[in-house]
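K.L.:
Sequential numbering of the sequence shown, starting at 1, is according to our numbering. From the three backbone atoms N, C-alpha and C, an ideal C-beta is built for every residue, glycine too. Just so you know, these numbers come straight off a predicted model, no measurement behind them.
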Amino acid sequence: EKWHHKAKDLGVVLKMAHSVGDVLIGQSSFLCVLMGKNRKNALELYQDFIEDFKRNAPIWKYDLIDNKRIYAKERSHPLKGSGLLA
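Below, the structure is given as structure tokens:
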């Protein structure tokens, strides 16, 4: 929610979604779209949003070892308002 407010204040629309299930190295797992009249504002917001999402989204917080998911739950939390790609 804070990112949508930040985007609105900059005149930017922010939309994001992530995939469901295991995503192997080299596969796309995330989609982020920013639309705005000012390219500089959109690109700065994009960089900040991506870094925050990578630090906090639980989808980046597990490794596959011997076909088992090993989670780092103590380092992650769900993001309110995030979506899924089916």
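1) Thinking C-alpha only, which one of Arg55, Leu24, Lys8 and Lys54 is nearest Arg69?
2) Look at the Cβ atom of Leu31, then the Cβ atom of Ala17, and state whether they are nearer than 7 Å.
3) Taking just the CA atoms, how far does Ala7 sit from Asp52?
4) Is Arg75 buried or exposed, if buried means 16 or more other CB atoms sit within 10 Å of its CB?
5) In angstroms with no decimal places, state the Cα-to-Cα distance between Val129 and Glu1.
P.N.:
According to the structure data:
1) Indexing the sequence shown from 1 puts residue 69 at position 69. Residue Leu24 is the option with its Cα nearest to Arg69.
2) Working through the sequence shown from its first residue, we reach residue 31 at position 31. Working through the sequence shown from its first residue, we reach residue 17 at position 17. Going by C-beta atoms, Leu31 is nearer than 7 Å to Ala17.
3) Position 52 of the sequence shown, counted from the first residue, corresponds to residue 52. Position 7 of the sequence shown, counted from the first residue, corresponds to residue 7. C-alpha separation (whole angstroms): 14 Å.
4) For this step, residue 75 is matched to residue 75 along the sequence shown. Legend: pLDDT at Arg75 = 49, less than 50; position of this residue unreliable, no value from coordinates given.
5) This structure gives no information on residue 129, because the portion of the chain shown stretches from 1 to 86.
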